[in-house]
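Undergrad: Have a look at this one before I ask anything.
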Amino acid sequence: MKILYQFATVTLLLLSGYSHAEMALLSWNEMIPVEERHTNLAPTINHDIALDAQAPQIVAGNMVESLNNSEQTIAGFVVPLEVVNGKITEFLMVPFFGACLHVPPPPPNQIVYVRHAIDYVEPWEPIAIPGVLKVDRQTTDEIVTGYILEPNGKVSFLKDL
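Numbering (my numbering), first residue to last: 7 to 167.
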């Protein structure tokens, strides 16, 4: 139930254009070019493969070039890539809980790569992190990302906002 509540909180905040003090959150929808927002990129699931085999990522879709080098605050869920001494030092931010873990990864324009040490967070705890967003398509652990965030402020837990 807690997971559902936190997911609903993130979704409603992003859809409402919520801002907190000087923090305006960039909507995940704004990271998809306008002409692609209603495109169905749902993967075809092969039900004959083992349950632990991951469905492939759909790598179609473009990034929004006007977001390059812009100051943004992004709220989402953390997918840890590297943990050192109890701190997550490299991670992906995704728009929904379980992305890249239990379902096929979202398209690259819905994944943000971050290299910055943060305290360990549970995968169902949404965070908000400000920084400079860069358009940069790269592959990390077999997942193609479309953006990089260079943090320049304090990481906030959405439950604390």
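Every residue, glycine too, gets a C-beta built ideally from N, C-alpha and C.
Just to check my reading of the structure: E36 and N68 have Cβ atoms closer than 8 Å, yes? What is that Cβ distance to the nearest angstrom?
TA: Position 30 of the sequence shown holds residue 36. Position 62 of the sequence shown holds residue 68. About 13 Å; that fails the 8 Å criterion.
Undergrad: Does P111 come out as helix, strand or coil in the three-state DSSP assignment?
TA: On the sequence shown, position 105 is the one that residue 111 refers to. Residue state, collapsed to three classes: coil.
Undergrad: On a Cα-Cα basis, can you pick out the residue from Q63, N75 and A66 that is closest to V138?
TA: For this step, residue 138 is matched to residue 132 along the sequence shown. When only C-alpha atoms are compared, the closest one is N75.
Undergrad: Starting from K140, follow the beta strand (DSSP E) in both directions and report where the run begins and ends.
TA: Here residue 140 corresponds to residue number 134 of the sequence shown, with the count starting at 1. Start and end: I133 to T146.
Undergrad: Between P110, S33 and F83, which lies nearest to F103 when the distance is taken from Cα to Cα?
TA: On the sequence shown, position 97 is the one that residue 103 refers to. Checked all of P110, S33 and F83; the closest Cα to F103 is F83.
Undergrad: Per DSSP, which residues does P86 bridge with? Please list them.
TA: Here residue 86 corresponds to residue number 80 of the sequence shown, with the count starting at 1. Partner(s): F97.
Undergrad: CB-CB under 6 Å to G152, same chain, minus the five flanking residues each way: which ones, in chain order?
TA: As a working mapping, residue 152 is identified with position 146 in the sequence shown. Result list for G152: M69, P114, N115 and R143, in chain order.
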